[in-house]
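For the sequence shown, our numbering assigns the number 1326 to the initial residue and increments by one for each residue that follows. Don't be surprised by glycine CBs; every beta carbon is placed ideally from N, CA and C. Notes to accompany the following structure.
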Amino acid sequence: MKLEYIVDEDGIIVKDYLEKQNISKRLAKKIKLYGKTYVNKIEVFNYFLLSKGDHLVIEFEDQDTSVYPPVNEELDIVYEDEYFMIVDKPENLASLPTKSHFQDSLANRIKYYYQTKDINAKVHLVNRLDYATSGLVIVAKDTYIKSRFKNLNIERKYLAILDNDLEDEGIINFPISKKENSLLREVNEKGKEAITIYKVIDKMRKLYEFTLVTGRTHQIRIHTSFHNAPIRGDKLYGKESDRLYLTCYYLKFKHPILDEKMEFVSYPKWY
1326 MKLEYIVDED GIIVKDYLEK QNISKRLAKK IKLYGKTYVN KIEVFNYFLL SKGDHLVIEF
1386 EDQDTSVYPP VNEELDIVYE DEYFMIVDKP ENLASLPTKS HFQDSLANRI KYYYQTKDIN
1446 AKVHLVNRLD YATSGLVIVA KDTYIKSRFK NLNIERKYLA ILDNDLEDEG IINFPISKKE
1506 NSLLREVNEK GKEAITIYKV IDKMRKLYEF TLVTGRTHQI RIHTSFHNAP IRGDKLYGKE
1566 SDRLYLTCYY LKFKHPILDE KMEFVSYPKW Y
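Quick look at the structure:
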């Protein structure tokens, strides 16, 4: 599918311009997942600033995430009952299928597992991890269980190796917003509240534990980078390495149905 426009105003970003063209939320989501945006034949992001007279072209394949293929790849299941699973996502794997990772994501692998076990359910991820981040993910087996999780207090802890030192412990409380004309985020006083609690685990290795009070996109990565201590291997906010040394290793919550205390720990190989 292809959409074309000759921009008729100055100083508006692509995302806002498309909203003015009465693009439905559903179509906007498909464009974000599967589309490519060009201004004057140059590929840009949703936050690119347009000028009057620009030739704006949106191209995308009308793929449906509900029909993404099952994939027979490794799936590390930490816990499973009739209501939900806990799986350990490896690094460099998308949580959900996108235009760049339609053939292999965590959801593709779970879908294959469901088929082999005759589990008649869609994949409902309660928490998502970045492509480069490894760790524990909660997978609800129906929409009701997912909605129950939304009302629970889920304690999430991460381990990370940093390039520089932080204090031995502390609280980072800086708001985060999307960076203008970029898919990245940044600390910005006009952003949304973002609070991260941390403490040192091994000072020599620069190994720290982080607890999320809020859950903004790239929150730990941005907060550490803002303090000149980016996570090792963070090519977005620091320096590239063999991998991103960040993992969600700990989850704690009450069972959404049985009301029992649930606690899960999975240490990465590099711990």
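- Query: Could you give the residue range of the beta strand (DSSP E) that holds residue 1527?
  - Reply: Within the sequence shown, the letter at position 202 stands for residue 1527. Residue 1527 -> beta strand (DSSP E) spans 1520 to 1527.
- Query: Whole beta strand (DSSP E) runs in the region 1378 to 1453 with 3 or more residues, listed along the chain?
  - Reply: 1380 to 1385, 1401 to 1405 and 1409 to 1414
- Query: Over what stretch of residues does the beta strand (DSSP E) that includes residue 1572 continue unbroken?
  - Reply: Your numbering for residue 1572 matches position 247 in the sequence shown. Run containing residue 1572: 1571 to 1579, per the beta strand (DSSP E) assignment.
- Item | Host beta strand (DSSP E) of residue 1502 (start-end) | Residue 1502 sits at position 177 when you count from the first residue of the sequence shown. That run of the beta strand (DSSP E) goes 1501 to 1503.
- Task: Out of 1489, 1563, 1535 and 1474, point me to the one whose CA is closest to residue 1511's CA.
- Result: Position 186 of the sequence shown, counting from 1, holds the residue named residue 1511. Taking only the C-alpha atoms, the option nearest residue 1511 is 1563.
- Query: Leaving out five residues before and five after residue 1433 in sequence, what residues of the same chain have Cβ atoms less than 8 Å from its Cβ?
  - Reply: Taking the sequence shown and counting its residues from 1, one reaches residue 1433 at position 108. Closer than 8 Å at Cβ, skipping near neighbours: 1393, 1394, 1395, 1396, 1398 and 1422.
- Tell me, please, whether the region 1500 to 1517 touches the region 1440 to 1457 by the rule of three or more beta-carbon pairs shorter than 8 Å. No, the region 1500 to 1517 is not in contact with the region 1440 to 1457.
- Message: Rounding to the nearest angstrom, what Cα-Cα distance links residue 1415 and residue 1435 in this structure?
- Response: Here residue 1415 corresponds to residue number 90 of the sequence shown, with the count starting at 1. Here residue 1435 corresponds to residue number 110 of the sequence shown, with the count starting at 1. About 13 Å.
- Query: Do you know offhand how far residue 1372's Cα is from residue 1560's?
  - Reply: Position 47 of the sequence shown holds residue 1372. Position 235 of the sequence shown holds residue 1560. So the two alpha carbons sit approximately 20 Å from each other.
- Query: Since residue 1495 sits in a beta bridge, which residues does DSSP pair it with?
  - Reply: Residue 1495 sits at position 170 when you count from the first residue of the sequence shown. Bridge partners of residue 1495: 1523.
- Query: Do you know whose CA, among 1558, 1577, 1378 and 1382, lies nearest residue 1366's CA?
  - Reply: As a working note, residue 1366 is residue 41 in the sequence shown. Measuring from the Cα of residue 1366, the nearest candidate turns out to be 1382.
- Query: Can you give the beta carbon distance from residue 1521 to residue 1548, rounded, assuming they're within the 8 Å contact cut?
  - Reply: In the sequence shown, counting from the first residue as 1, residue 1521 sits at position 196. In the sequence shown, counting from the first residue as 1, residue 1548 sits at position 223. Residue 1521 to residue 1548, Cβ: 5 Å. Contact.
- Message: Taking its Cβ as the centre, do 16 or more other Cβ atoms sit within 10 Å of residue 1410, making it buried, or is it exposed?
- Response: Reading the sequence shown from its first residue, position 85 is the one you call residue 1410. Buried, by the Cβ-count rule.
- Pull up the DSSP beta-bridge partners for residue 1362, would you. Taking the sequence shown and counting its residues from 1, one reaches residue 1362 at position 37. DSSP output for residue 1362 lists 1369 and 1383 as bridge partner(s).
- Message: Could you give the first and the last residue of the continuous alpha helix (DSSP H) run that contains residue 1536?
- Response: Here residue 1536 is taken as the residue at index 211 of the sequence shown, counted from 1. Looking at the DSSP string, residue 1536 is not in any alpha helix (DSSP H); the run it does join, the beta strand (DSSP E), is 1532 to 1537.
- With residue 1547 as the anchor, note down where its alpha helix (DSSP H) starts and where it stops. Sequence index remark: in the sequence shown, residue 1547 carries index 222 (1-based). If you look at residue 1547, you'll find it in the alpha helix (DSSP H) that goes 1544 to 1551.
- Test item: CB-CB of residue 1558 and residue 1566 under 8 Å: Stepping through the sequence shown from its first residue, residue 1558 is reached at position 233. Stepping through the sequence shown from its first residue, residue 1566 is reached at position 241. It is a contact, given that the beta carbons lie within the stated cut-off.
- Which residues share a DSSP beta bridge with residue 1459? Position 134 of the sequence shown, counted from the start, is the residue given in the question as residue 1459. Paired residue(s): 1572.
- Can you name, in chain order, every residue of its own chain whose Cβ lies under 7 Å from the Cβ of residue 1588, other than the five neighbours on each side? As a position in the sequence shown, residue 1588 is number 263, starting the count at 1. So the list reads 1577, once near-sequence residues are dropped.
- Excluding sequence positions up to five away, which residues of its chain have a Cβ less than 8 Å from the Cβ of residue 1515? Within the sequence shown, the letter at position 190 stands for residue 1515. Excluding sequence neighbours, residue 1515 sits near 1500 and 1502.
- How about residue 1574 and residue 1535: do their beta carbons lie closer than 8 Å? The count along the sequence shown starts at 1 and reaches residue 1574 at position 249. The count along the sequence shown starts at 1 and reaches residue 1535 at position 210. Contact flag unset, no.
- Query: Do you know how far the Cα of residue 1552 is from the Cα of residue 1526?
  - Reply: As a working note, residue 1526 is residue 201 in the sequence shown. As a working note, residue 1552 is residue 227 in the sequence shown. Those two C-alpha atoms are separated by around 18 Å.
- Message: Buried or exposed for residue 1336, going by 16 or more other Cβ atoms inside 10 Å?
- Response: Residue numbering aside, residue 1336 sits at position 11 when the sequence shown is read from its first letter. Residue 1336 comes out exposed.
- Can residue 1375 and residue 1332 be called in contact, C-beta distance under 8 Å? By one-based count along the sequence shown, residue 1375 stands at place 50. By one-based count along the sequence shown, residue 1332 stands at place 7. Cβ distance < 8 Å, so residue 1375 and residue 1332 count as in contact.
- Inspect the beta-carbon positions of residue 1593 and residue 1420 and report whether they are closer than 8 Å. Position 268 of the sequence shown, counted from the first residue, corresponds to residue 1593. Position 95 of the sequence shown, counted from the first residue, corresponds to residue 1420. Going by C-beta atoms, residue 1593 is not nearer than 8 Å to residue 1420.
- Could you tell me which residues DSSP pairs with residue 1590 in its beta bridges? Position 265 of the sequence shown holds residue 1590. In the DSSP assignment, the residues bridged to residue 1590 are 1575.
- Task: Identify the continuous alpha helix (DSSP H) that holds residue 1473 and give its terminal residues.
- Result: Mapped onto the sequence shown, residue 1473 falls at position 148. It spans 1468 to 1475 - the alpha helix (DSSP H) in which residue 1473 sits, taken as one unbroken run.
- May I have the straight-line CA-CA distance separating residue 1584 from residue 1426, to the nearest angstrom? Here residue 1584 is taken as the residue at index 259 of the sequence shown, counted from 1. Here residue 1426 is taken as the residue at index 101 of the sequence shown, counted from 1. Distance between the alpha carbons of residue 1584 and residue 1426: 36 Å.
- Would you kindly report the start and end of the unbroken beta strand (DSSP E) that includes residue 1329? The count along the sequence shown starts at 1 and reaches residue 1329 at position 4. DSSP places residue 1329 in the uninterrupted beta strand (DSSP E) bounded by 1327 to 1331.
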